[in-house]
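All remarks here apply to the structure that follows.
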Amino acid sequence: MIEVNNLTKKYGNHLAVENASFVINDGEILGLLGPNGAGKSTIMNIVTGYLSSTDGSVTISGYDILENPVEAKRHIGYLPEQPPLYVDMTVKEYLNYVYDLKKVKIPRKPHLAEICKLVKIEGVYDRIIKNLSKGYRQRVGIAQALIGNPDVLILDEPTVGLDPKQIIEIRDLIKKLGKNHTVIFSSHILSEIQAVCERVIIINKGKVIADDTPDTLSRKISDNQSLVIRVDGPYKAIETELKTISGIKKVSYVGIRDSFQEFIVDPIVGYDIRKPMFKLLASKNWPLMLLKSNEMTLEDIFLRLTDDSSESVNLEKVLRESKETKLAEAAQETDDDNDEIINQMIHNKEDK
Numbered sequence: 152m153i154e155v156n157n158l159t160k161k162y163g164n165h166l167a168v169e170n171a172s173f174v175i176n177d178g179e180i181l182g183l184l185g186p187n188g189a190g191k192s193t194i195m196n197i198v199t200g201y202l203s204s205t206d207g208s209v210t211i212s213g214y215d216i217l218e219n220p221v222e223a224k225r226h227i228g229y230l231p232e233q234p235p236l237y238v239d240m241t242v243k244e245y246l247n248y249v250y251d252l253k254k255v256k257i258p259r260k261p262h263l264a265e266i267c268k269l270v271k272i273e274g275v276y277d278r279i280i281k282n283l284s285k286g287y288r289q290r291v292g293i294a295q296a297l298i299g300n301p302d303v304l305i306l307d308e309p310t311v312g313l314d315p316k317q318i319i320e321i322r323d324l325i326k327k328l329g330k331n332h333t334v335i336f337s338s339h340i341l342s343e344i345q346a347v348c349e350r351v352i353i354i355n356k357g358k359v360i361a362d363d364t365p366d367t368l369s370r371k372i373s374d375n376q377s378l379v380i381r382v383d384g385p386y387k388a389i390e391t392e393l394k395t396i397s398g399i400k401k402v403s404y405v406g407i408r409d410s411f412q413e414f415i416v417d418p419i420v421g422y423d424i425r426k427p428m429f430k431l432l433a434s435k436n437w438p439l440m441l442l443k444s445n446e447m448t449l450e451d452i453f454l455r456l457t458d459d460s461s462e463s464v465n466l467e468k469v470l471r472e473s474k475e476t477k478l479a480e481a482a483q484e485t486d487d488d489n490d491e492i493i494n495q496m497i498h499n500k501e502d503k
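Per this note's numbering, numbering through the sequence shown is continuous, rising by one, with the last residue being 503.
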């Protein structure tokens, strides 16, 4: 387990990390995301003991990284973006060298054999590292991180520079490692994070701005999620009428799809536009053939949460505004229903 409490790092007057706090549980695969300069690398360097913090604490499996660094680091396996390989050594020589450096107590031969089998480098065990492909070098880098069977693996950009086949192989390996280790996985390839990680932490301007599963983050900002609709009718008239609905911010015409007019409709934050949109189209006798969420990828979430423009999303604000709007909509629906009942009573009276 990793516990980060109120972590702060200053460089002079520059605040690189500000009161970052999170807990990573045993057996969890966590993705750490952040734009360049956000403080992500600083946090990783503090967690590994490479940097000291200005304030706050980090504990690894119960050991404080500053107060008890030797014991804490025994529980960490680290693969930096540039693997720390001695390229003139063979794989066998290098892994035995790392084994000696770490003063591992596990029997050498079966331990190294198990690691090589796990990361699939048995076939290159006697080859010189500089003659290996980028993918195999990454595997050797992961192998050295696994020596000593650490509780925690910290992998910084493990798929950078790999071809698509190698990326898939490393992704599958990380998933397998997550069964027996706590894994922190940093990557600029957001699709990789989404495919591998059960949970993501997004860092921006030194602060933790989101901490949840990708699916939950998507749901939290789904009140501002666009909808894809297909309608049977004249596209210009449909577009014009849709823009009259309260709560719709933008209507974008996509084109003809499966013989119907397709639009992307963006709601104002907190508005559920499905019911009024359905009523309007029905009143115009324009059949609604498709309505679905324009699913948000992790990249969409990342960009929305780290965007400095006025369109960026503040999760707490969205949730608060969503609750207020839904209460207002519920009250309005009650009024509408009452109006319909009264109108029906009037019509019934006139019929009599």
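Glycine included, C-beta positions come from ideal geometry on N, C-alpha and C.
### Message
Check whether the segment 177-188 and the segment 318-334 are in contact - that is, three or more C-beta pairs closer than 8 Å.
### Response
yes
### Query
Looking at the structure shown, is residue 238 part of a helix, part of a strand, or coil, going by DSSP?
coil
### Task
Check whether the segment 202-220 touches the segment 235-246, counting contact only when three or more Cβ pairs, one atom from each stretch, lie closer than 8 Å.
Too few Cβ pairs lie closer than 8 Å, so no.
### Classification of residue 429 by the beta-carbon crowding that lies within 10 angstroms, buried from 16 upward
Exposed, since its Cβ has fewer than 16 Cβ neighbours within 10 Å.
### Task
Output the distance between the C-alpha atoms of residue 279 and residue 341, rounded to the nearest integer angstrom.
Put simply, the backbone Cα of residue 279 is about 33 Å away from that of residue 341.
### Query
Which value, in whole angstroms, describes the spacing of the CA atoms of residue 156 and residue 173?
Answer to the nearest angstrom: the Cα atoms are 7 Å apart.
#### Entry: Length of the line joining the Cα atoms of residue 461 and residue 164
Any reading at residue 461 needs caution, since the residue's pLDDT is 40, under 50, leaving its predicted position unreliable; the model's value is listed next. Going by the C-alpha atoms only, they are around 27 Å apart.
### Message
Which residue wins for smallest C-alpha separation from residue 352, given the options 343, 337 and 346?
### Response
337
### Query
Based on the DSSP output, what are the partners of residue 154 in its beta bridges?
174 and 210
### Query
Looking at the structure shown, is residue 187 part of a helix, part of a strand, or coil, going by DSSP?
Residue state, collapsed to three classes: coil.
### Query
In the DSSP assignment, what residue or residues form a beta bridge with residue 228?
In the DSSP output, where bridge partners are listed per residue, residue 228 has 304.
### Message
Classify residue 347: buried if its beta carbon has 16 or more other beta carbons within 10 angstroms, exposed otherwise.
### Response
buried
#### Entry: residue 158 vs residue 211 beta-carbon contact at 8 Å
no
### Inter-stretch contact (C-beta, 8 Å, three-pair minimum) for the segment 373-391 and the segment 431-446
yes
#### Entry: Three-state class that DSSP yields for residue 395 in the structure shown
coil
### Query
Does the separation of the CB atoms of residue 391 and residue 343 fall below 8 Å?
Contact: no.
### Option nearest residue 287 by Cα separation, candidates 421, 201 and 242
242
### Task
Thinking residue 419 and residue 400 are a contact (beta carbons under 8 Å), I'd like their distance in whole angstroms, please.
By a beta-carbon distance limit of 8 Å, residue 419 contacts residue 400. Their separation comes to about 5 Å.
### Buried or exposed by the 16-neighbour rule on C-beta atoms within 10 Å, applied to residue 248
exposed
### Task
Can you grab the Cα-Cα spacing for the pair residue 398 / residue 388, in whole Å?
Residue 398 and residue 388 have their C-alpha atoms some 19 Å from each other.
### Message
Please give me, in chain order, every unbroken run of the alpha helix (DSSP H) with length at least 4 that falls completely inside the segment 242-293.
### Response
Correct list: 242-252 and 259-270.
### Task
Could you spell out the range, first to last residue, of the alpha helix (DSSP H) harbouring residue 418?
That residue, residue 418, is in no alpha helix (DSSP H); its beta strand (DSSP E) goes 411-418.
### Message
On a Cα-Cα basis, can you pick out the residue from 317, 160 and 294 that is closest to residue 306?
### Response
By alpha-carbon distance to residue 306, the top candidate from 317, 160 and 294 is 294.
### Query
Since residue 202 sits in a beta bridge, which residues does DSSP pair it with?
According to DSSP, residue 202 bridges with nothing at all.
#### Entry: Completely contained beta strand (DSSP E) runs for the segment 306-383, where each covers 3 or more residues
333-337, 350-355, 358-363 and 378-382
### Query
For residue 451, which three-state DSSP category applies?
helix
### Own chain residues within Cβ distance below 8 Å of residue 393, not counting five before or after
399, 402, 414, 416, 428 and 431
### Which of helix, strand or coil DSSP assigns to residue 422
coil
### Message
Nearest by alpha-carbon distance to residue 358: which of 304, 378, 412 and 194 is it?
### Response
194
#### Entry: Local Cβ density within 10 Å of residue 229, reported as buried at 16 or more and exposed below that
buried
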